[in-house]
Structures are given as structure tokens and as C-alpha cells.
Amino acid sequence: MTTVVLGGSASRTRSRRRLSGLFPASPALARALPTTALLLVAAGSVAVGVLPVVDGELVVAGLIAGFLATGLARLVDRSTAAGDGTLLVPATQFAAIALISTGTASLAVLFLLLGPVLSLALTPGRRSLVVAVAGTTAVLLAPRLLGVDSSAPVDLSPALVLGPLSAGLGSLAVRDTARRSGRQADELDRLRTERTALEAQVRTRADDLDVATRMLAARAQTMTSVIDAVTEQSIIGTDTDGIIRVWNPGAERMLGLPRADVVRARSIVEFHLPAELEAAAEGAGSGTGMAALVAAAQENGSDVRDWTYVDADGRQRTVSVAITPRSDDQGVHAGWNFVGTDMTEVRATERMKDQFVSLISHELRTPLSSILGYLELVLDDEEQTLTDEQRRYLGTVERNAHRLQRLVGDLLFTAQVEAGRFTVQPEDVDLAGVVRAAEETARVAAATAGVEIHVDVPENGLVVAGDAVRLGQACDNLVSNAVKFTPSGGRVTLSLRAAWRLSDGAISHTEQSAAEPVAQLAVSDTGMGISTEEQGQLFTRFFRASTAQRNAVPGVGLGLTITKAITTAHGGTLDVVSAEGEGTTFTLTLPM
Amino acid sequence: MDTSLSHAAPVRVLVADDEDDIRDLVCLAVRKAGAAEVTAVADGTAALAAARTTVPDLAVLDVSMPGATGLEVCSALRADPATAGIRILLLSAGASLDDVARGLSAGADAYLAKPFAVADLVHQIRALTGRRTETDGLPERQPA
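Taken in sequence, the protein lines are chains H and G. So the number in this note's numbering is just where the residue sits in the first sequence, counting from 1, plus 168. So the number in this note's numbering is just where the residue sits in the second sequence, counting from 1, plus 176.
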């Protein structure tokens with residue numbers, strides 16, 4: 169609410185303006201005009217003989233003075249510093265009336281006094297009142313003062329008292345009335361202004377409300393249309409007890425029931441597998457039913473996991489459900505949102521893929537056992553020595569059989585990681601020894617490829633907690649990759665050193681008191697490098713860099729996936745920095 | 177035939193694997209390890225029957241076999257006092273820690289994942305039959 173307060177000064181200014189409403193730009197002229205009009209009447213009356221003329225010169229002088237007063241009023245209005253000039257006009261008019269009154273020796277002429285008296289009554293200030301009284305007195309005394317026949321038939325003595333008194337009281341009365349009407353007009357003005365302001369406020373509020381209402385309606389419409397447009401995901405909203413309030417077409421399609429049959433009539437718990445809810449309740453230590461369903465979301469703020477939905481026909485669907493709390497417009501918890509994606513086919517495919525990989529890997533291992541076993545018997549048979557050529561051929565068979573064996577091992581290991589079954593049984597492992605062993609393993613291949621391997625490890629070793637075999641596998645992968653991707657004449661550097669991981673994740677190579685000690689292995693090569701666009705995909709299963717394909721570097725794209733998985737399982741990190749044509753550095757950081 | 181064993185008592189070994197090639201390979205390794213008698217069967221049921229009949233010193237069992245799995249045979253042998261003393265070596269294509277743990281839980285004395293090096297198998301057999309010698313003439317090979 170806005171309160172409109174009008175100042176007193178402003179009120180007075182407006183009152184003055186109202187007095188000269190006819191000529192807003194010429195207030196003195198406006199006040200002089202009634203007297204001018206009366207003078208014209210008096211002139212007419214003299215001309216037609218209604219008024220007697222005792223001294224014609226005085227009458228003419230009075231009329232001229234009266235019209236001069238009108239002219240004077242014009243001058244006063246034009247003057248920027250009117251000041252007392254305002255009072256000069258009625259004073260001149262009084263003089264004119266005095267001359268006419270004396271020249272006609274008629275009391276009837278006194279009606280002319282109304283003009284200046286009223287004019288002065290409407291003029292603010294005490295001096296105007298004094299001028300009115302003095303002017304009236306002067307008019308009444310004029311015949312005597314000017315020495316015109318004092319034996320006039322009328323005695324002017326009472327008029328000398330009553331005239332100025334009447335003029336004064338009349339002026340006061342007029343002024344009071346004007347003041348009162350001014351105040352009332354001010355009040356009316358104020359009320360009118362307030363009403364206008366209030367009306368404007370009401371209109372603004374109404375407009376705002378209208379806009380807000382339309383925005384809310386539009387938003388609700390947008391939300392509804394978005395929710396209704398989702399047909400591949402179920403969006404279900406419930407109250408805190410699980411009673412369904414929102415049920416989109418995706419939910420209709422997934423669970424086979426129309427919105428009308430479900431909203432406010434069914435609980436979301438009815439669409440879940442009871443055994444699963446019981447298991448969840450047991451796992452979370454919560455109540456059964458709805459409490460079990462939302463226990464994790466309640467604790468963590470949200471929850472995404474697979475649940476089994478049971479549709480209207482009793483069919484079960486594996487659904488990845490994101491559960492989040494829902495609040496009302498006051499921010500008070502009002503229920504839960506369940507956004508579900510049907511993963512039945514995806515999960516079945518994943519299971520089949522894992523089973524396929526496991527099966528194939530198992531089935532490959534058995535023939536590999538025969539190949540490698542019999543090869544071993546032949547190659548190691550001391551009684552029947554082989555020719556050099558035979559030994560070379562069988563060596564090729566053995567090398568490729570081992571390559572196949574590694575691939576099978578990698579596939580099985582990847583499947584194990586994907587299934588979340590890979591864990592580490594930590595023991596003290598000297599990483600320096602692991603790095604030296606990796607160099608030894610790669611030495612022959614590096615020499616064949618014309619690549620120099622340089623090893624820089626602490627002489628006293630560097631012990632980390634981990635799985636020696638898996639860490640060896642990770643190092644082997646990094647070194648083998650570096651050798652494979654480095655052209656002849658290049659260099660591979662294995663650098664192992666202690667470092668400290670700061671709270672912000674940065675690595676320092678000088679000891680920090682509050683930092684976590686880590687072991688950092690950098691495997692750098694001067695090889696072909698990896699493009700920036702491909703670096704983000706390096707650890708993805710079966711990904712092969714375009715440089716590897718262009719340069720026919722052998723591999724299936726599992727090595728880095730496995731190395732990353734091993735590193736992660738040890739609580740470490742694996743980072744890559746590479747520039748195409750310049751080389752690559754993989755940095756493996758492990759907690760000590 | 178290796179003749180430098182630590183004692184001369186004949187060692188009897190039962191080999192059970194449904195893969196002919198692997199079974200023959202294991203039999204070769206067993207003989208290399210100095211066993212005097214080798215009984216070879218191709219399924220779990222036959223393995224159980226042969227073990228109960230011959231009560232060998234060592235049974236080398238494949239885990240995945242028709243009739244009864246190596247794990248089932250292993251458990252059955254351990255449950256029978258007459259066969260509970262037989263040393264058991266399991267061979268399997270499963271190489272994960274879980275696989276090994278399952279094998280040892282079933283009562284096996286040792287577990288070897290396929291593909292294995294013959295030298296390793298010979299070492300295992302000798303260790304389980306108490307026939308390890310310092311110079312057994314077998315070349316050392318790194319596990320594959």
C-alpha cells in the first residue's frame with residue numbers, strides 16, 4: 169500500500185492557482201477584470217444619465233484610473249517580480265472608485281467597491297486585508313477629502329464605520345470560505361490521487377496475478393505435456409505413503425494399466441516383487457514395503473538401481489529406477505518420484521554376453537592346454553632332438569598359442585571386472601621389482617623393434633600394497649604398449665618414484681606432512697602418440713586408436729581397459745598425456 | 177622313466193578328464209612324475225567307481241566332467257572314510273580366485289588352472305605323492 173502525502177506548501181500553491189482559474193497565466197488581470205466590468209457598467213450608467221454627474225472631470229478621471237488599473241494588472245502579471253504590485257492594482261481601483269464616487273456624489277456607485285474588495289479578499293496576505301479596509305475608507309472619505317460639496321443629501325458617517333468593517337469582515341469571510349474550500353479541494357485532490365494510486369496498484373496486482381496464473385498454467389501444461397510425451401520411461405509420482413498420484417503413458421505402457429485405474433487407487437508397492445522388497449528391507453534395516461523401496465533414497469537424497477516391476481498381467485520387467493523425493497510448493501516433503509527405464513532386454517543381453525565370454529574363454533582354454541602341453545613335451549624332449557627349423561616352427565606355434573592364451577585371460581578378466589567380481593587381496597609388493605620384470609619381459613620385443621628401454625627406479629625399491637600378479641600385468645601392458653607404439657630408434661622410459669597426493673588431488677614430488685604418500689610410475693615413449701579426441705576413449709573395452717590401426721600395431725583393445733581396472737581396484741589412478749607424432753606418457757599412481 | 181625317486185613304493189594315480197587329449201597329456205605327466213600305475217577314466221561316475229575300487233594315492237580330476245563334476249567326486253571321496261585319504265589335484269579351465277576357493281573347499285589338496293605347463297603338473301604330482309626329488313630332470317618353466 170502506498171500512502172500519498174501532499175505537502176502544505178504544494179496545497180497553498182494550488183489554492184492560489186485556483187483563484188485565478190480563468191487566466192492561469194495572468195492572476196492579477198483575472199482579479200482586476202470584475203472591477204473593470206463594474207466600471208464599464210458605471211460608465212454606461214453615467215452615459216445614459218442613470219447616474220448623476222456632479223463633477224464630470226472627476227468621473228472621467230475615475231474611469232480612466234479604473235481602466236489604467238486593468239492595464240497595470242497586465243503589467244504586474246508580466247513582471248517577474250510582481251511583489252507588492254499585486255496590491256497596486258486594487259489600490260488604483262479604489263482610487264478610481266473614489267474619483268467616480270466623488271464625481272457622481274452617488275451612493276449607488278459604491279457597488280463598485282465589490283470588485284477590489286473581492287479581489288483583495290482572494291489575495292493571500294494580511295496586507296491585502298489592510299488595503300481593502302483602507303481603500304473602502306478612502307472611497308467613503310473621498311468626497312470630503314476632495315472638497316466636493318459636503319452638503320450632500322446623504323450622511324456618510326455610518327458608512328465610514330460600516331463600510332471598511334464590512335469590507336474587512338467580508339474579505340475575511342471570503343478568505344475563510346476560500347481557505348475552507350481550498351482545503352476541501354486539497355483533500356479531494358489528495359483522495360483522488362490516492363484513489364488513482366490505489367487503482368493503479370490494484371491494476372498492477374491484477375496484471376501480476378494474471379501473468380503468474382498464466383505462467384503457472386503454462387508451466388503445468390509444459391510439465392504435463394513433457395511427462396505425457398515420455399513413452400519409453402515410466403514416470404510415477406506418489407505421496408509419502410506410496411499412493412500413486414502421477415502415472416504417465418510410459419508407466420501405462422510398461423505396467424499395462426491406464427492412469428484412471430491407478431491414480432489415487434493403487435500403491436507403487438503393488439507393482440514391485442515382494443521378495444525383492446523384503447530383501448531390500450533386510451539389507452537396509454528398514455521397514456518393509458514403501459519404507460524398503462525408498463530407504464536408500466531417503467538416506468542418500470536419491471537412488472538409482474534395478475528393481476523388478478510386475479505388470480498387470482504378472483509379467484516381470486527389470487527396470488532401472490531413479491527414486492527422488494518430491495516437495496510441495498512450501499518445500500515440505502510430499503512424496504516420491506520414480507523414473508524407470510525398462511532394462512529387461514539390456515540386462516539379458518549383458519548376461520548373455522558375459523556368459524558367452526566366459527563360455528568361449530573356457531572352451532578355448534581346454535584346446536590351448538593340449539596345444540601348449542604337447543608342444544612342451546616335444547620341445548623339451550631330450551631323447552628326440554629337433555632340427556633348428558623344426559624348433560623355429562614349433563616356437564612360432566608356441567608363441568601364438570601363448571598370445572591366444574593371453575587374449576583368453578584378458579577376456580575372462582574383463583568379464584570378471586564388468587561383473588564386479590574382481591577384487592584385490594593386498595600384500596606388500598615391491599613396485600621397483602615389478603617394473604624391472606616388465607622391462608625384462610619387453611626387452612626382446614623392444615630389441616627386435618629397435619626401441620631402447622630406459623629404467624629409472626629407486627635402488628631400495630618402493631613397496632605398495634597390492635596384488636603382485638595383477639600389478640605385473642598392468643606394468644607389462646603399459647610397457648608392451650609403449651614398445652609397440654614406438655618406431656625403430658625410439659625410446660621408452662620407465663620412471664618410478666615416491667610422491668605425495670595433496671588434498672586437492674595434485675601430486676607433489678616433495679614430502680608434504682598432510683599429504684598421502686603414493687608411488688608414481690610414468691611410462692613414456694617417443695612413439696606415434698594418440699590424438700586428443702581419442703584419449704578419452706583409451707580405456708574403453710576393445711577401443712583401438714586410429715594410429716594403432718594405421719600402423720598395424722597388433723592388439724584387440726583390452727590392455728588399457730585391464731590396466732585401468734587393476735589400477736582402480738588398487739585405489740590408484742591412471743592418467744595419459746599424449747601428443748600425436750611426439751609420444752605418450754601413461755602415469756600410474758598407487759597409494760603406498 | 178625317472179628312477180631317482182626318494183623311495184621305491186609304487187605310486188597309483190587316477191586320472192579323470194572327458195577330453196581325450198588332455199587326459200592323455202595328464203597321463204604322460206603322471207608317468208613322468210614316476211607313477212607306477214595310472215588309471216584313466218572319462219567321466220565323474222567312472223572316476224568315483226575307480227577310486228573306490230583302486231583307492232589310488234592321487235586322483236587328478238577335471239572339474240567339468242559329465243556324470244559328476246570333479247568337485248562332486250572330490251566331496252564324495254572325502255566323505256567316504258575308505259577314500260578320504262586320497263590326495264586330490266583338481267584341473268580346471270576356471271582360473272579365478274572363486275574357482276580355486278570352490279575347489280579347495282570341496283576338499284582338493286591342490287588346484288591347477290588350464291592351460292597349465294606340463295612341468296608344473298609334474299611338480300604338483302610329485303609334491304602330492306611325496307616323490308619330489310632335487311634333480312628330477314624336468315626343466316623349470318614359468319607358469320603360462
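Note that CB positions come from ideal geometry on N, CA and C, so glycine has one too. Since the structure is predicted, the reported quantities are computational estimates derived from the model, not experimental observations.
Under the three-state reduction of DSSP, H/V619 is assigned to coil, being neither helix nor strand. With fewer than 16 other Cβ atoms from the protein chains shown falling within 10 Å of its own Cβ, H/G469 counts as exposed.
Looking at the DSSP output, G/L190 sits in a beta bridge with G/T215, G/A235.
Here H/F590 is buried, its C-beta having at least 16 other C-beta atoms within 10 Å.
Using a CB distance cut-off of 8 Å, G/I301 does not count as an interface residue toward chain H. A direct Cα-Cα distance of roughly 14 Å separates H/T564 from H/V546.
A straight line joining the alpha-carbon of H/V307 with that of H/D344 spans about 25 Å. At least one C-beta of chain G is nearer than 8 Å to the C-beta of H/S537.
Taking a C-beta cut-off of 7 Å against chain G, the contacting residues of the stretch 516-544 of chain H are H530, R533, T534, L536, S537, S538, L540, G541, Y542, E544, listed in chain order. Sixteen is the threshold: since fewer than 16 other Cβ atoms of the shown chains lie within 10 Å of the Cβ of H/R560, the residue is exposed.
It is roughly 7 Å from the alpha-carbon of H/E566 to the alpha-carbon of H/L543. Per DSSP, the unbroken alpha helix (DSSP H) holding G/H299 starts and ends at 294-305.
With fewer than three CB-CB distances shorter than 8 Å, the stretch 479-486 of chain H does not count as touching the stretch 496-507 of chain H.
H/L540 is the residue among H/V216, H/L540, H/T305 whose C-alpha sits nearest the C-alpha of G/D197. In this structure the stretch 685-694 of chain H lies against the stretch 750-757 of chain H, because at least three pairs of beta carbons, one per stretch, are closer than 8 Å. Looking at the DSSP output, H/G751 shares a beta bridge with H/A747.
Taken atom to atom, the span from the alpha-carbon of H/V592 to that of G/D256 is near 36 Å. Looking at the DSSP output, H/Y542 shares a beta bridge with no other residue. A distance below 8 Å separates the beta carbons of G/V206 and G/V236. Against chain G, the CB of H/Q558 has no partner CB under 8 Å away; the residue lies outside that interface. Between G/V249 and G/A211, the gap from beta carbon to beta carbon reaches 8 Å or more.
In terms of Cβ geometry, H/V437 and H/L461 form a close pair [threshold 8 Å]. Rounded to the nearest whole angstrom, the C-alpha separation of H/D598 and G/A225 is 49 Å. At least one CB atom of chain H sits nearer than 8 Å to the CB of G/L204. DSSP, read as helix, strand or coil, puts H/R665 in strand. H/T381 and H/L359 have their C-alpha atoms spaced approximately 32 Å apart. For the 8 Å CB-CB criterion, H/I403 and H/I395 form a contact.
Annotation: H/Q641 has no Cβ neighbours in chain G at a cutoff of 9 Å; minimum Cβ distance is about 13 Å. Partner residues in a beta bridge of H/R559, as assigned by DSSP, do not exist. In the DSSP assignment, H/F506 is bridged to H/I404, H/I491. Ranked by Cα distance from G/P242, the options G/A258, G/T221, G/T259 are led by G/T221.
The alpha-carbon separation between G/V187 and G/A303 amounts to approximately 12 Å. If you check the CB distance, H/E702 and H/L662 do not come in under 8 Å. Beta-bridge analysis with DSSP links H/P685 to H/W668.
For H/P759, the secondary structure class from DSSP, reduced to helix, strand or coil, is strand. At a C-beta separation below 7 Å, H/Q584 has these neighbours in chain G: S272.
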